[in-house]
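Note that my numbering has the sequence shown beginning at 4, numbered continuously upward. No residue lacks a Cβ here, since even glycine has one placed at the ideal position from N, Cα and C. Nothing here was measured: the structure is a model prediction, and the numbers come from that model. Below: one structure, written as structure tokens.
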Amino acid sequence: MSHTSSASFTSTASTLFSNDFQPARSFTIHAHGIPVIRIPGPSPEIEIPITESDGKPKYKSIRSHRWSSSFVLNDAQGQNVATVDGDRFSNFPLRTIGIELNGKGSDDKVKMKRKALMTRACVFEYGGDEWAWRYGKRNEGAKMNGHTLLVLEKNKISESVRVAQLVRDKETDAQGDTTKYRAGRGGRLDISRELNGTMEVLIVTSCLIMLKKEIDRRGNARGVPIIQRLVS
Numbered sequence: 004m005s006h007t008s009s010a011s012f013t014s015t016a017s018t019l020f021s022n023d024f025q026p027a028r029s030f031t032i033h034a035h036g037i038p039v040i041r042i043p044g045p046s047p048e049i050e051i052p053i054t055e056s057d058g059k060p061k062y063k064s065i066r067s068h069r070w071s072s073s074f075v076l077n078d079a080q081g082q083n084v085a086t087v088d089g090d091r092f093s094n095f096p097l098r099t100i101g102i103e104l105n106g107k108g109s110d111d112k113v114k115m116k117r118k119a120l121m122t123r124a125c126v127f128e129y130g131g132d133e134w135a136w137r138y139g140k141r142n143e144g145a146k147m148n149g150h151t152l153l154v155l156e157k158n159k160i161s162e163s164v165r166v167a168q169l170v171r172d173k174e175t176d177a178q179g180d181t182t183k184y185r186a187g188r189g190g191r192l193d194i195s196r197e198l199n200g201t202m203e204v205l206i207v208t209s210c211l212i213m214l215k216k217e218i219d220r221r222g223n224a225r226g227v228p229i230i231q232r233l234v235s
């Protein structure tokens, strides 16, 4: 490897942990996603396992059937810790998505929605704070060598602080038996030290929603030319 390549790699790696973000733990979301060319319809994945860095089961996302627009998140013991309603499949972009947290000591309902009409970023409020998922920028290492990045930030008055991120690159694609061309594919979810318990569940659940929204967008994009042919 040349000095230039080494410097580029170091720069890219450092941008992944900008804003003093130092993840304390990582999970792997084993979602295959959907390819560009496929038969129209929902994702065939009924269950999406989430494992710890050593491969031990941590959570599992489960839909009751392929066409279900809702899912539950269970922990490693099979206990339900979160439930997501079916509003995520609404054609109205700003429709809110309901997340019910059912963990120990928690009985909260959180609403997640797109930040604005013409953006893929989504926001939710919890614990008196605003949290926002957005797609990483090129100068943060996104879209380099098949790398895409989802970033969760805690929005403060003067700044936004990164608290979690979903890394999707060649390494995570190989581990998940998927490719960079598949919408809704999983990856490595890094979470900061201070966020655990109920907040950890909310991070995992909201990240899964972001992945499922990718699948929805690809399905909607495929439907446009079909509709155009039908009405022409």
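- Task: Pull up the CB-CB distance for Asn83 and Lys63, whole angstroms please, since I reckon it's below 8 Å.
- Result: Position 80 of the sequence shown, counted from the start, is the residue given in the question as residue 83. Position 60 of the sequence shown, counted from the start, is the residue given in the question as residue 63. In this structure, Asn83 and Lys63 do not form a Cβ contact; the two beta carbons are roughly 10 Å apart against a cut-off of 8 Å.
- Shortest alpha-carbon distance to Asp172 belongs to which of Arg165, Lys159, Met121 and Arg188? Translated into the one-based positions of the sequence shown, residue 172 becomes position 169. Nearest C-alpha to Asp172: Arg188.
- Identify which residue in Ala79, Ala85, Pro60 and Ser72 has its Cα closest to the Cα of Ser3. Look at the range of the chain in this structure, 4 to 235, and you will see that residue 3 is not part of it.
- Message: Between Glu197, Glu174, Gly44 and His150, which has its C-alpha nearest Arg165's C-alpha?
- Response: Translated into positions along the sequence shown, residue 165 becomes position 162. Closest option to Arg165, judged by alpha-carbon separation, among Glu197, Glu174, Gly44 and His150: Glu197.
- Tell me, which residues are paired with Leu76 by DSSP? Reading the sequence shown from its first residue, position 73 is the one you call residue 76. Leu76 is bridged to Ser64 and Ala85.
- Query: Exposed or buried, which one is Ser14 when buried takes at least 16 other CB atoms within 10 Å?
  - Reply: As a first step, residue 14 is located in the sequence shown; it is residue number 11 there, counting from the start. Residue placement at Ser14 cannot be trusted, given a pLDDT of 38 that sits under 50; what the coordinates show is reported in the next sentence. Classification for Ser14: exposed.
- Query: For Arg185, is the classification buried or exposed, using 16 other Cβ atoms within 10 angstroms of its Cβ as the cut-off for buried?
  - Reply: Position 182 of the sequence shown holds residue 185. By the neighbour-count definition (other C-beta atoms within 10 Å, threshold 16), Arg185 is a buried residue.
- Item | Closest Cα partner of Ile49 within the set Arg69, Ser56 and Pro38 | For the purposes of this step, residue 49 is taken as residue 46 along the sequence shown, with counting starting at 1. Measuring from the Cα of Ile49, the nearest candidate turns out to be Arg69.
- Query: Alpha carbon to alpha carbon, how far is Thr175 from Arg141?
  - Reply: Walking along the sequence shown from the start, residue 175 turns up at place 172. Walking along the sequence shown from the start, residue 141 turns up at place 138. Approximately 19 Å between the Cα atoms of the pair.
- Query: Terminal residues of the continuous alpha helix (DSSP H) containing Glu174?
  - Reply: The residue given as residue 174 occupies position 171 in the sequence shown. First-last of the alpha helix (DSSP H) with Glu174: Lys173 to Gln178.
- Whole-angstrom C-beta distance between Leu192 and Ile32, which should lie under 8 Å: Taking the first residue of the sequence shown as 1, we reach residue 32 at position 29. Taking the first residue of the sequence shown as 1, we reach residue 192 at position 189. About 6 Å; that satisfies the 8 Å criterion.
- Query: Leu192 lies in the beta strand (DSSP E); which residues open and close that run?
  - Reply: Along the sequence shown, read from residue 1 onward, the residue named residue 192 stands at position 189. For Leu192, the uninterrupted beta strand (DSSP E) segment begins and ends at Gly190 to Ser195.
- Message: Less than 6 Å between C-beta atoms, sequence neighbours within five positions excluded: which residues of the same chain meet that for Gly179?
- Response: The residue given as residue 179 occupies position 176 in the sequence shown. Cβ within range, chain order: His33 and Gly189.
- Query: Looking at C-alpha atoms only, which residue of Thr122, Gly58, Ile160 and Val154 is the closest neighbour of Ser167?
  - Reply: Indexing the sequence shown from 1 puts residue 167 at position 164. The sequence given here places Ala at residue 167; Ser does not occur at that position. Out of Thr122, Gly58, Ile160 and Val154, Val154 has the C-alpha closest to the C-alpha of Ala167.
- Lys114 versus Asn105, Val126, Met121 and Leu120, residue with shortest Cα-Cα distance: Taking the first residue of the sequence shown as 1, we reach residue 114 at position 111. Shortest Cα-Cα distance from Lys114 to any of Asn105, Val126, Met121 and Leu120 involves Val126.
- Identify every residue that forms a DSSP beta bridge with Gln168. Taking the sequence shown and counting its residues from 1, one reaches residue 168 at position 165. Paired residues: Val154 and Asp193.
- Hey, how far is the Cα of Arg137 from the Cα of Ser163? Here residue 137 refers to the residue found at position 134 when the sequence shown is read from its first residue. Here residue 163 refers to the residue found at position 160 when the sequence shown is read from its first residue. Cα-Cα distance, rounded: 11 Å.
- According to the neighbour-count rule (16 or more other Cβ atoms, all chains shown, within 10 Å of its Cβ), is Lys216 buried or exposed? Walking along the sequence shown from the start, residue 216 turns up at place 213. Lys216 should be labelled buried.
- Assuming Ile218 contacts Ile206 under a Cβ cut-off of 8 Å, what Cβ separation, rounded to an integer in Å, is found between them? For the purposes of this step, residue 218 is identified with residue 215 of the sequence shown, where counting begins at 1. For the purposes of this step, residue 206 is identified with residue 203 of the sequence shown, where counting begins at 1. 20 Å between Cβ atoms; not a contact.
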